[in-house]
Amino acid sequence: MTELTINDIQGLVVLTTELVRKVGKKFLRANSQDAKKVTDLQINGRETKLAADKILEDQLIKGLKGVGFPILSEETGFIASEKFPNLLWVIDPLDGSYNFSRNLGPSMISVALWENNQPLFGVLFNLGTKQLSFGGPKIGAYVEDVLVHVSDRAEPGQATLCTGFPSRFPIGDSRAVEAFATTMSSFGKIRMIGSAAASLWLVATGAADVYAEHNIMFWDVAAGLALVNGAGGTFQIEGVDMSERVFSEPCTVVASNGKFDASVSMFDSVRGLV
């Protein structure tokens, strides 16, 4: 198998949505306070790892490994498969870990399948609302069984931008922070909710209009970008190359409803490129 047909994709969507929903509901039923236990602090304490991250990851990998595609997961890293080098499962078992640990905001199970640097589909399960969403460029985008679409706002001054300071953003560099603020200032409203997956879900459902982050990891955005694509939106990502197996470095990502001139170049001043 070198290229998946639409029937292949639809079959894999069914498999993945059933798995993600099952894993999410089982995790919530257990209602274990131990799952919120902090197991590690990384990047000078800015990256929180919970027991839940590994609990969820183990079940997701177990459910997907039999398909035979390579897997990239936040906790375990890359699991190779020479049979399907152009395909890749991308797993973030718990996007918004800190939100989950403090009941602070949205947190999501995130699973995507990519082919040759493009998403085929993504699946998100919101641990707060228990809603499952999925989408991709060939299948549309859905929240449960409701078809969703990006917004039609076209004026930046009337648009809502979802963004954030990822753990790897140089928050201590005042020049980078100032450049970031200047870049974001053209948008009417700015929201930071602590989950890239949830932010992209907002763009896909039309509640927000643009998502942009610098120094975010691929697994944080892989499923959400697929949903945005399926909902009629566009995206640009720098820092990922599946052919070279390059996805361990932070990315620069911009996704939108397609009505804006939004690209990763908006971060050039933050990256010191201008």
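Residue numbers for the sequence shown follow this note's numbering, beginning at 959 and rising by one. Glycine included, C-beta positions come from ideal geometry on N, C-alpha and C.
Point to revise | alpha helix (DSSP H) segment containing asparagine 1084, residue limits | key: For asparagine 1084, there is no enclosing alpha helix (DSSP H); the residue is part of the beta strand (DSSP E) that begins and ends at 1076-1084.
Practice item. Indicate the three-state DSSP secondary structure (helix, strand or coil) for aspartate 1199 in the structure shown. Key: Under the three-state reduction of DSSP, aspartate 1199 is assigned to strand.
Check your understanding: CA-CA distance, lysine 1217 and phenylalanine 985?
Key -> Taking the straight line from one Cα to the other gives about 39 Å.
Exercise for review: Give the C-beta separation of leucine 1008 and lysine 995 to the nearest angstrom, bearing in mind that I take them to be a contact with Cβ-Cβ under 8 Å.
Suggested key: Contact check for leucine 1008 and lysine 995: beta-carbon distance about 7 Å, within the 8 Å limit, so the pair qualifies.
Review point. Okay, do the segment 1086-1101 and the segment 1028-1045 touch, 3+ Cβ pairs below 8 Å being the bar?
Key: At 8 Å Cβ cutoff, the stretches do not touch.
Check your understanding: To which residues does DSSP link aspartate 1050 through a beta bridge?
Key -> Answer is Ser1068.
Exercise for review: For threonine 997, count neighbouring Cβ atoms within 10 angstroms of its own Cβ and tell me buried if that reaches 16, exposed if not.
Suggested key: In summary, threonine 997 is exposed, with fewer than 16 beta-carbon neighbours lying within 10 Å of its beta-carbon over all protein chains present.
Review point. Mind pulling the beta strand (DSSP E) runs of 3 or more residues that sit fully within the segment 1019-1046?
Key: As far as the segment 1019-1046 is concerned, its whole beta strand (DSSP E) runs of at least 3 residues are 1029-1031, 1035-1037.
Review point. Is the Cβ-Cβ distance between proline 1064 and isoleucine 1151 less than 8 Å?
Key: Yes, the Cβ-Cβ distance between proline 1064 and isoleucine 1151 is below 8 Å.
Exercise for review: Look at the Cβ atom of valine 1204, then the Cβ atom of valine 1212, and state whether they are nearer than 8 Å.
Suggested key: Their beta carbons are not under 8 Å apart, which means valine 1204 does not touch valine 1212 by this criterion.
Review point. When DSSP labels each residue in this structure, what does asparagine 1173 get in the three-state scheme?
Key: Reduced to three states, the DSSP call for asparagine 1173 is strand.
Review point. Between glutamate 1136 and the rest of its own chain, which residues show a CB-CB distance below 7 Å, the 5 nearest in sequence each way excluded?
Key: Contacts found: none.
Exercise for review: Determine which residues share a DSSP beta bridge with phenylalanine 1092 and list them.
Suggested key: Val1081, Tyr1100, per the DSSP bridge assignment.
Review point. Is DSSP giving threonine 1087 helix, strand or coil here?
Key: The DSSP-derived three-state label of threonine 1087 is coil.
Review point. Would you say alanine 1154 and leucine 1082 are within 8 Å of each other, going by their C-beta atoms?
Key: In this structure, leucine 1082 does not lie closer than 8 Å to alanine 1154 by Cβ.
Check your understanding: Which residue from Met1175, Phe1138, Ala1189, Met1142 puts its Cα closest to that of alanine 1162?
Key -> Per the Cα distances, Ala1189.
Exercise for review: Using DSSP bridges, identify the partner residues of lysine 1147.
Suggested key: According to DSSP, which records beta bridges pairwise, lysine 1147 is partnered with Thr1118.
Review point. How far does the beta strand (DSSP E) with valine 1228 in it reach, from first residue to last?
Key: For valine 1228, no beta strand (DSSP E) encloses it, and the DSSP letter there is neither H nor E.
Check your understanding: Using a Cβ-Cβ cut-off of 7 Å (strictly less than) and excluding sequence neighbours within five positions of glutamate 1171, which residues of its own chain qualify?
Key -> Excluding residues within five positions, the ones whose Cβ falls inside 7 Å are Thr1121, Gly1122, Pro1124, Ala1154, Val1211.
Check your understanding: Measuring CB to CB, does methionine 1066 end up less than 8 Å from asparagine 1084?
Key -> Contact flag set, yes.
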